[in-house]
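Asks: Have a look at this one before I ask anything.
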Amino acid sequence: MAISNKPIVWGPFAAGGTITAFLTPVLVLLTLLAALGHVPDLLAYDRLHALAGHWLAKLAIAGTVFLSLWSTAHRLRITCYDLGVRADTLVATIVYAGALAGTAASVVYLMRI
Amino acid sequence: MSRKPYVRPMTSEWILRHSRYVRYMLREFSCLFIGGWTLMLVWGLKQLAEGPAAWAAFLQWLTSPASIVLHLLTLGFASYHSVTWFNLTPKALPLQIGEEFLPDGAIAGAHFAAWAVLSFAILFLAGAF
């Protein structure tokens, strides 16, 4: 059987598509409310800091960040191909590395909370 | 021995050839906004880790006009992505019961209902009301 890495890149993409479909609009709504001056209780420093201090919340946040960024990376890669960019290996390396770097940064910051 | 495979030239003008291609590309471009907002979230985590003053600065940046415009665009694109994603669920998760397949509307509808309940619950728990 031919060996393919497609399931490895596609699995997190599908999971990320699903999690962003369910979560991103409402989370954007929360920061939009804060942007409009109506800061939701959750975004008060003490409450958010206490929540993000729990290991389970850290895991959930890091997982959401990874899946969202990976999903974005995969979409960007496919979109580049659709737009006529044929340097797929280069594009894939850049976007997936970016997603992993963003996830790593979120893990570092979460460890400091 | 020389090998010169023919590479069909491809440009991006096809996008505008049909409205369904435009809608397809709009959905694909939603990833820029969803990814951009996620990077903003990572920056927010950094500010949260640095202390109350840094977090206050983050909340202050959120109120800038650029942030408000980006948030509105992101909300629109992210919602469009959700709608297209849930509309595809009957294709991705067909459910057969006995001889019959569950109608497409029931599968997509269940996802839309779950999305609404989850969004409302998160807004409520976050004290947005």
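Residue numbers (the working numbering), protein chains in the order written: chain A, 1304 to 1416; chain B, 355 to 483.
Positions of the beta carbon are idealized from the N, C-alpha and C atoms, including for glycine.
Of all the options B/Pro448, B/Leu477, B/Leu380, B/Trp469, which has the alpha carbon lying nearest to the alpha carbon of B/Leu370?
Replies: The option with the nearest alpha carbon to B/Leu370 is B/Leu380.
Asks: With a cut-off of 8 Å, does the C-beta of A/Thr1392 fall near any C-beta of chain B?
Replies: Not an interface residue.
Asks: Nearest chain B C-beta to A/Phe1252 closer than 8 Å, yes or no?
Replies: Nothing about residue 1252 of chain A can be read from this structure; chain A reaches only from 1304 to 1416.
Asks: Compare the C-beta of B/Pro406 with all C-beta atoms of chain A and state if any pair is closer than 8 Å.
Replies: It does: the Cβ of B/Pro406 has a partner Cβ on chain A nearer than 8 Å.
Asks: Strictly by DSSP, which residues pair up with B/Glu454?
Replies: According to DSSP, B/Glu454 bridges with B/Ile451.
Asks: Are the beta-carbon atoms belonging to A/Leu1393 and A/Ala1355 less than 8 Å from one another?
Replies: Contact flag unset, no.
Asks: Find the residues of chain A that neighbour B/His372, judging by a C-beta separation of less than 9 Å, and give them in chain order.
Replies: The premise fails here: B/His372 is roughly 14 Å from chain A at the closest Cβ pair, so nothing lies under 9 Å.
Asks: Along the chain, which unbroken stretches of the alpha helix (DSSP H) at least 4 residues long are found entirely within the region 1338-1396 of chain A?
Replies: Within the region 1338-1396 of chain A, the complete alpha helix (DSSP H) runs of at least 4 residues are 1348-1355, 1358-1385.
Asks: What whole-angstrom Cβ distance do A/His1377 and A/Phe1316 have, given they're in contact under 8 Å?
Replies: That belief holds up - the Cβ atoms of A/His1377 and A/Phe1316 are roughly 4 Å apart, short of 8 Å.
Asks: DSSP three-state call for B/Gly398: helix, strand or coil?
Replies: Of the three classes helix, strand and coil, the one that applies to B/Gly398 here is helix, per DSSP.
Asks: I believe B/Thr428 touches B/Gly390 by the beta-carbon criterion, under 8 Å. Please report the beta-carbon distance rounded to the nearest angstrom.
Replies: Contact flag correct, Cβ pair sits at about 7 Å.
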